[in-house]
Ligand SMILES: Cc1ncc(COP(=O)(O)O)c(C=O)c1O
């Protein structure tokens, strides 16, 4: 195939010819949302995203989808950078700079102070920095749930192999009957050698929300450092980092905050940041006056990604974080209710509205997994999980995507 034809074919496949064709129109008026919410959200999907009509994307929990204003911001910055059309002294990169304005805007969205916030490449980067950066001796113990993502627990596994720390996993039962059950399990597991309590604010795999504040307050009262994996929290549920009560927090804006892939955040309570050792370093690594920006001294990186991330924050603010949450939670609630009525599924998501956001998960004892997988592939349903499914919806999810999922489950019964 000639190059031009190949490009045209690719453009057809992805439904958008180029970034200039991806320019987004203005958001629909908020009045439309009150009058006719389904039309409002259908227009958001069609006009603000480049998702093709044929795609039922239900895996926001692994990586979200960047809307057009984000793609545009990334492309514009790359272009501007390549033309060296920047204000004097400003480089089209990050890795040496403190990016104060960007961090200010992000901090306002996340509910924290700019100086306590560093940009990273992803949650794995932030979690590894934290696990490697806390002073721990042989025999010191880290307690965590048995539900942690490999990116969360592997940093502590390295410390175990390298420095002889102890790691203990606490089993969580699904569905937990109330938030107190998760809190009790974790808090009661704290022992005399426990130095760190590490857990996901929304448990990976199921999306169950842990009572973060309650757990962190109890741990602090016992002199234990708390580390929260918030990969699924920011952008999915209403929250402020500085109200969580933890010592360190890792986030993943490319999941629920419309950021392009390659964006992470590390937050630390001021005095705890001072105690943390950075992992990847260049000059300024020990300049504590830089506060959290010390953790961003890691050499040349692609700043266009962060321009996209901030465009994602603006996009979310323009729609309204409350409206976004109301929509995605109501879609998830619908998924949960439908799943709860099907005898061939076993729900992992509790019947307690405050314990989930937009992730619903269930096991599939009465489903032919192979048939289901093949049908999903054929019908372009993008999901994660073989035995246990995790369904995520975002503002681009159409009710018809969810109908298609349930129709496919029904057709895959054993
Ligand atoms: C709970 C949790 N923590 C950490 C990660 C890793 O995130 P990232 O890919 O941004 O490093 C994930 C990714 O799915 C996750 O679900």
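In the working numbering, the protein residues as written are 2 to 415.
Using N, Cα and C, we set each Cβ at its ideal position, and we do this for glycine too.
Predicted model, so just to flag it, every value in this text is computed and none were measured.
Exercise for the section: Kindly examine ligand 1 and report whether one of its heavy atoms sits closer than 8 Å to the Cβ of residue 395. Expected result: Your numbering for residue 395 matches position 394 in the chain shown. Not so, every heavy atom of ligand 1 lies at least 8 Å from the Cβ.
Handout entry: Same chain, Cβ closer than 6 Å to residue 248, neighbours up to 5 away in sequence not counted
Key = For this step, residue 248 is matched to residue 247 along the chain shown. Within the same chain, residue 248 has close Cβ partners 226, 227, 270, 273.
Problem - Exposure label - residue 399; buried when at least 16 CB within 10 Å - result: Reading the chain shown from its first residue, position 398 is the one you call residue 399. Buried, since its Cβ has 16 or more Cβ neighbours within 10 Å.
Practice task
Note down the Cα distance separating residue 312 from residue 107, rounded to an integer number of angstroms.
Solution key: Position 311 of the chain shown, counting from 1, holds the residue named residue 312. Position 106 of the chain shown, counting from 1, holds the residue named residue 107. If I take the Cα positions, the gap works out to 10 Å.
Exercise for the section: State the beta-bridge partners of residue 407 as determined by DSSP. Expected result: Mapped onto the chain shown, residue 407 falls at position 406. BP columns for residue 407 are empty, so no partner.
Exercise for the section: Might you give, ordered along the chain, the residues of its own chain that have their beta carbon closer than 6 Å to the beta carbon of residue 9, omitting 5 neighbours on each side? Expected result: Mapped onto the chain shown, residue 9 falls at position 8. Annotation note: pLDDT 46 at residue 9 (below 50); position unreliable, coordinate value reported separately. Excluding sequence neighbours, residue 9 sits near nothing in its chain.
Practice task
Compare the beta carbon distance of residue 201 and residue 231 with 9 Å and say whether it is the shorter of the two.
Solution key: As a position in the chain shown, residue 201 is number 200, starting the count at 1. As a position in the chain shown, residue 231 is number 230, starting the count at 1. Cβ distance < 9 Å, so residue 201 and residue 231 count as in contact.
Practice task
Go ahead and pull the three-state DSSP assignment for residue 343.
Solution key: Translated into positions along the chain shown, residue 343 becomes position 342. Secondary structure at residue 343: coil, using DSSP grouped into helix, strand and coil.
Handout entry: Same chain only: Cβ atoms within 6 Å of residue 1, ignoring 5 sequence neighbours per side
Key = Any property of residue 1 remains undetermined from this structure, which presents the chain solely from 2 to 415.
Exercise for the section: Quick one: give me the first and last residue of the beta strand (DSSP E) that residue 390 is part of. Expected result: Walking along the chain shown from the start, residue 390 turns up at place 389. Unbroken beta strand (DSSP E) run through residue 390: 389-393.
Exercise for the section: On a CA-only basis, which of 70, 370, 39, 252 is nearest residue 27? Give me that one, please. Expected result: If you number the chain shown from 1, residue 27 lands on position 26. Comparing Cα positions, the closest option is 70.
Problem - Euclidean distance between Cα positions of residue 17 and residue 66 - result: The residue you call residue 17 lines up with position 16 of the chain shown. The residue you call residue 66 lines up with position 65 of the chain shown. Unreliable placement is indicated for residue 17, whose pLDDT of 46 sits below 50; the coordinate value is still reported in the next sentence. So the two alpha carbons sit approximately 15 Å from each other.
Problem - Option nearest residue 216 by Cα separation, candidates 377, 188, 110 - result: Counted from its first residue, the chain shown places residue 216 at position 215. Measuring C-alpha to C-alpha distances from residue 216 to each of 377, 188, 110 identifies 188 as the nearest.
Practice task
Tell me where the beta strand (DSSP E) around residue 314 begins and ends.
Solution key: Looking up residue 314 in the chain shown gives position 313. First-last for residue 314: 304-320, but that is the alpha helix (DSSP H), not the beta strand (DSSP E).
Practice task
List the residues that DSSP assigns as beta-bridge partners of residue 362.
Solution key: Here the question's residue 362 lines up with position 361 in the chain shown. Paired residue(s): 391.
Problem - 8 Å Cβ shell around residue 414 - same chain, five flanking residues per side excluded - result: Reading the chain shown from its first residue, position 413 is the one you call residue 414. So the list reads 345, 367, 368, 369, once near-sequence residues are dropped.
Exercise for the section: Tell me whether residue 45 is buried or exposed, calling it buried when 16 or more other Cβ atoms sit within 10 Å of its Cβ. Expected result: Locating residue 45 in the chain shown gives position 44, where the first residue counts as 1. Buried, since its Cβ has 16 or more Cβ neighbours within 10 Å.
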